[in-house]
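Note sheet for the following structure.
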Amino acid sequence: GENVEQHPSTLSVQEGDSAVIKCTYSDSASNYFPWYKQELGKGPQLIIDIRSNVGEKKDQRIAVTLNKTAKHFSLHITETQPEDSAVYFCAARDFGNEKLTFGTGTRLTIIP
Amino acid sequence: GAVVSQHPSWVICKSGTSVKIECRSLDFQATTMFWYRQFPKQSLMLMATSNEGSKATYEQGVEKDKFLINHASLTLSTLTVTSAHPEDSSFYICSARNPGQAPSTDTQYFGPGTRLTVL
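Chains as they are written, first to last, in my numbering: chain A, 1 to 112; chain B, 1001 to 1119.
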């Protein structure tokens, strides 16, 4: 089955700086890679996703890059703000499989 | 994005009682819903996949007789924790797959979660 590794587990960034979270996956058949943001006591919120036919996707301050050859994908947050503080999860799913495999999460803290 | 609701948001019950959690997709029909549990500072653990009108598929190690799942309609799935014990205390989260969303049908949206505390 799929295995997703996520690094780092914790990340502290000065407000205004950029944050990068990286994930690697094991199943080369995986073709869908979403990122979720989870605030304390709440459910995960989809913030961006990318499919295997695209190498990069951007939505305002958030971007995701995908390297299929190396089987890794990354979340980039620029101009970080205090409200970006949360736990971020990456996930992967292969074609035809309904289940998402999640990474272990990254606790991002933005320092004012 | 699509909206998924859960009810209740939190529940406290006595050991031995049963608790039902509802998950609804509010603005789309979800052919597939998923139930997760999450312990503090840990990732999401998939418990079961629920398809409308059919029996749920449980992950290995999840007791199907203890965690009863019913997906009665395209907008409602329920999780019933039967004979709850303190070790069942956790954060339960449902998610729903939106099959009609263009340009693809992959997107999965999560509910706000239900905090279960068993005394």
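Glycine is no exception: its CB is placed at the ideal position from the N, C-alpha and C atoms.
Please read these numbers as outputs of a predicted model, since none were measured by experiment.
Please list, in chain order, all residues of the same chain as residue 12 of chain A whose beta carbon is under 7 angstroms from its beta carbon, the five residues on each side excluded. Counting only residues of its own chain and dropping the five nearest sequence neighbours on each side, residue 12 of chain A has a CB closer than 7 angstroms to the CB of 109 and 111.
Can you tell me where the beta strand (DSSP E) with residue 13 of chain A in it begins and where it stops? It spans 10 to 14 - the beta strand (DSSP E) in which residue 13 of chain A sits, taken as one unbroken run.
Per DSSP, which residues does residue 1072 of chain B bridge with? Please list them. According to DSSP, which records beta bridges pairwise, residue 1072 of chain B is partnered with nothing at all.
Counting C-beta neighbours from all protein chains within 10 Å, is the total for residue 84 of chain A 16 or more, i.e. buried, or is it exposed? Looking at its Cβ environment, which holds 16 or more other Cβ atoms inside 10 Å, residue 84 of chain A is buried.
Tell me which same chain residues have a C-beta within less than 6 angstroms of the C-beta of residue 1103 of chain B, skipping the five on either side of it? Note that residue 1103 of chain B scores a pLDDT of 46, beneath 50, so its modelled location is shaky; the value from the coordinates is reported in the next line. Excluding positions up to five away in sequence, the list is empty.
According to DSSP, what are the bridge partners of residue 3 of chain A? Beta-bridge annotation (DSSP): residue 3 of chain A is not paired with any residue.
Taking DSSP as the reference, what is the three-state secondary structure of residue 1022 of chain B? Looking at residue 1022 of chain B - three-state DSSP - the assignment turns out to be strand.
Chain D within 9 angstroms of residue 36 of chain A, Cβ atoms only: Here chain D cannot be found, since the structure's protein chains are A and B.
Does residue 1095 of chain B pass the burial test, meaning 16 or more other C-beta atoms within 10 Å, or should it be called exposed? Buried is the call here.
Taking three-plus beta-carbon pairs below 8 angstroms as touching, is the segment 1010 to 1027 of chain B in contact with the segment 1038 to 1048 of chain B? The segment 1010 to 1027 of chain B makes no contact with the segment 1038 to 1048 of chain B, as fewer than three CB pairs between them are under 8 angstroms.
Identify, in the order they occur along the chain, each residue of the same chain with its Cβ nearer than 6 angstroms to the Cβ of residue 986 of chain B, setting aside the five sequence neighbours on each side. Any property of residue 986 of chain B remains undetermined from this structure, which presents chain B solely from 1001 to 1119.
Answer yes or no: does any C-beta atom of chain A fall closer than 9 angstroms to that of residue 1006 of chain B? Closer than 9 angstroms to the CB of residue 1006 of chain B there is at least one CB belonging to chain A.
Does chain B have any CB closer than 9 angstroms to the CB of residue 49 of chain A? By this cut-off, residue 49 of chain A is an interface position.
Compile a chain-ordered list of the residues in the segment 6 to 17 of chain A whose CB is closer than 9 angstroms to at least one CB of chain B. Listed by position along the chain: 6.
So, under 8 angstroms CB-CB, residue 47 of chain A and residue 32 of chain A are touching, yes? Tell me the CB distance rounded to an integer number of Å. Between the beta-carbon of residue 47 of chain A and that of residue 32 of chain A there is about 15 angstroms, and that puts the pair past the 8 angstroms contact cut.
The segment 80 to 106 of chain A: which residues have C-beta closer than 8 angstroms to a C-beta of chain B, in chain order? Within the segment 80 to 106 of chain A, contact with chain B at the beta-carbon level (separation under 8 angstroms) is assigned to 89, 93, 98, 99, 100, 102, 103, 104 and 105.
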